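Peer 1:
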């Protein structure tokens, strides 16, 4: 039952990514939502291994900090967080 609920949350987040793919902030929020779903899956499947859960939580926090710092850097350089301003070839 819980796995079905997490699967529904996963697909709801997938629809949210397709709807708000233009803004980097909304994309980062949906990625953090994926992280939360993965954390819940790990928590419900690994009952007595709290140490591994702590390691995964630290990695997820690091991932969030890197994403937010990238967004701040992008806003300082381009003035907004629109994904159309982010080009892979900037030279």
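Residue numbers (our numbering): 14 to 104. All C-beta atoms in this analysis are idealised placements derived from N, C-alpha and C, irrespective of residue type, glycine included. For clarity, every value in this text was computed on a predicted model and none was experimentally measured.
#1: For residue 29 versus residue 43, is the C-beta spacing smaller than 8 Å?
#2: Per DSSP, residue 95 is paired with what?
#3: I'd like to know if the region 50-69 and the region 81-89 are in contact, where contact means that at least 3 CB-CB pairs between them fall below 8 Å.
#4: Find out if the Cβ-Cβ distance for the pair residue 84, residue 49 is shorter than 8 Å.
#5: By the 10 Å Cβ neighbour count, where 16 or more other Cβ atoms means buried, how is residue 104 classified, buried or exposed?
#6: In this structure, does DSSP put residue 60 in helix, strand or coil?
#7: Going along the chain, which residues of its own chain have a beta-carbon closer than 8 Å to the beta-carbon of residue 40, five neighbours each way excluded?
Peer 2: This is what the structure holds:
#1: yes
#2: 36
#3: no
#4: no
#5: With a pLDDT of only 49 at residue 104, under 50, the local geometry of the prediction cannot be trusted, and no value is derived from it.
#6: coil
#7: 30, 33, 34, 96
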